[in-house]
């Protein structure tokens, strides 16, 4: 079978999309040789705009028909049409590119429907053809917002979660823009129920955002108070987090004594210091999305870690028993093994029996 290669241009692609839309507009219309139809008028206008190099006018003709394309076209045909329209944007004068990109993006994400994945894919293609930082930044935030609303975090989240610092540097984002980007992606990741690590990734991005407020004004700190409280709450609920590096940062210390979030700061302080007595007197009615037993376990593990790091000698089981309020040596050993499982005590598994004294002790390293 002979293969024929046919050279085409971007202009041919634009005309092909315009004619495809024309056919869609003509569906159900009565046709005669001389009758003018919505589709024929559209084709004439599109051809004239293209012939005269009026790419902005052509874009204005094509974009309003995204709904028709998404309703009546699918698969690779839809993908090609959206990509061709997106490639019109760089053809415009530089000062019109950003507004044109916003126009296309708004049309793409106007609905959350059964074609949501294709709409998001079209938006990412538009991002890829943009060549200036401000336009890319705008399109990225729109993509994140749409993916969050459309529950598509499993598609976009893994691709962007580790690129925030790169974008902040390359796009020269302001502190405010950087913080918004951190929080946007964190919010997206929290909606991803399919990936087990998504919540932890969101937590890490939130902490990175909060770490940028060390020299912030009181007004800036107040604006992020709810976010700080959310980070503290996530730390408290997590069975695997035991270190909170921002405890003394202004974003967190502003919660101390706060009428709404002061109880979270109090509990954070109790956990980080392994203060079992403090936890016993804590108002348990203020626990949120966790149980008394879960928090007590966390406090005990932190207390064990604190005891190990402060000790300059081999710890006796009796010391651990007293510090953790345990009943017998079997309970102590169980908690030591539990701490090893959480990597709280490095090689604490080297606990051993002193047969000559019948004393039990272990090495905390």
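In our numbering, the protein residues as written are 33 to 397. From the three backbone atoms N, C-alpha and C, an ideal C-beta is built for every residue, glycine too. None of the values given here were measured: they were computed from a predicted structure.
Report yes if the C-beta distance between residue i and residue j is below 7 Å; otherwise report no.
{"i": "residue 187", "j": "residue 214", "result": "no"}
{"i": "residue 310", "j": "residue 303", "result": "no"}
{"i": "residue 155", "j": "residue 137", "result": "yes"}
{"i": "residue 276", "j": "residue 267", "result": "yes"}
{"i": "residue 224", "j": "residue 185", "result": "yes"}
Could you tell me the boundaries of the alpha helix (DSSP H) in which residue i lies?
{"i": "residue 90", "result": "87-94"}
{"i": "residue 204", "result": "First-last for residue 204: undefined, no H or E at that position."}
{"i": "residue 318", "result": "Taken as a continuous stretch (DSSP letters only), residue 318 belongs to no alpha helix (DSSP H), as it is neither H nor E."}
{"i": "residue 82", "result": "70-83"}
{"i": "residue 139", "result": "126-140"}
{"i": "residue 120", "result": "Residue 120 -> no alpha helix (DSSP H), and no H or E assigned at all."}
{"i": "residue 44", "result": "42-58"}
{"i": "residue 16", "result": "No answer is possible for residue 16: the residues shown for the chain start at 33 and end at 397."}
{"i": "residue 195", "result": "Here residue 195 belongs to no alpha helix (DSSP H), and DSSP marks it neither H nor E."}
Measuring straight from C-alpha to C-alpha, what distance separates residue i and residue j?
{"i": "residue 46", "j": "residue 84", "result": "13 Å"}
{"i": "residue 178", "j": "residue 191", "result": "15 Å"}
{"i": "residue 93", "j": "residue 174", "result": "23 Å"}
{"i": "residue 153", "j": "residue 197", "result": "23 Å"}
{"i": "residue 66", "j": "residue 51", "result": "Low confidence applies here, because residue 66 scores a pLDDT of 48, under 50, leaving its location unreliable; read the following figure in that light. Whole-angstrom Cα-Cα distance: 18 Å."}
{"i": "residue 108", "j": "residue 55", "result": "17 Å"}
{"i": "residue 96", "j": "residue 133", "result": "14 Å"}
{"i": "residue 335", "j": "residue 307", "result": "7 Å"}
{"i": "residue 399", "j": "residue 330", "result": "Residue 399 lies beyond the stretch modelled for the chain, which goes from 33 to 397, so this question has no answer here."}
{"i": "residue 241", "j": "residue 210", "result": "8 Å"}
{"i": "residue 318", "j": "residue 283", "result": "21 Å"}
{"i": "residue 172", "j": "residue 159", "result": "7 Å"}
{"i": "residue 103", "j": "residue 201", "result": "40 Å"}
{"i": "residue 219", "j": "residue 135", "result": "25 Å"}
{"i": "residue 250", "j": "residue 114", "result": "46 Å"}
{"i": "residue 116", "j": "residue 322", "result": "51 Å"}
{"i": "residue 292", "j": "residue 328", "result": "23 Å"}
{"i": "residue 354", "j": "residue 299", "result": "22 Å"}
{"i": "residue 401", "j": "residue 122", "result": "Nothing can be reported for residue 401: it is not among the residues displayed for the chain, which extend from 33 to 397."}
Using CA coordinates, which residue listed in the options is at the minimum distance from residue i?
{"i": "residue 199", "options": "248, 166, 311", "result": "166"}
{"i": "residue 53", "options": "43, 42, 75", "result": "75"}
{"i": "residue 235", "options": "316, 221, 323", "result": "221"}
{"i": "residue 150", "options": "105, 129, 271", "result": "105"}
{"i": "residue 281", "options": "248, 305, 298", "result": "248"}
{"i": "residue 273", "options": "72, 246, 232", "result": "232"}
{"i": "residue 239", "options": "180, 259, 371, 224", "result": "259"}
{"i": "residue 99", "options": "370, 127, 139, 216", "result": "139"}
{"i": "residue 325", "options": "164, 271, 255", "result": "271"}
{"i": "residue 243", "options": "269, 263, 229", "result": "263"}
{"i": "residue 205", "options": "180, 227, 168, 129", "result": "168"}
{"i": "residue 120", "options": "44, 180, 141", "result": "44"}
Fill in: Ordered list of alpha helix (DSSP H) runs contained in the segment 201-262, each at least 4 residues
The segment 201-262 contains these whole alpha helix (DSSP H) runs: 207-222, 230-242, 250-255.
Item to complete: Within the segment 264-343, note down every full alpha helix (DSSP H) run reaching 4 residues or more, in order along the chain.
Response: When DSSP assignments are scanned along the segment 264-343, the uninterrupted stretches of alpha helix (DSSP H) that are 4 or more residues long and fall wholly within it turn out to be 282-285, 294-304, 308-312, 324-342.
Fill in: Complete runs of the alpha helix (DSSP H) confined to the segment 142-191 [at least 4 residues]
Counting only runs of 4 or more, we get 148-161, 165-181.
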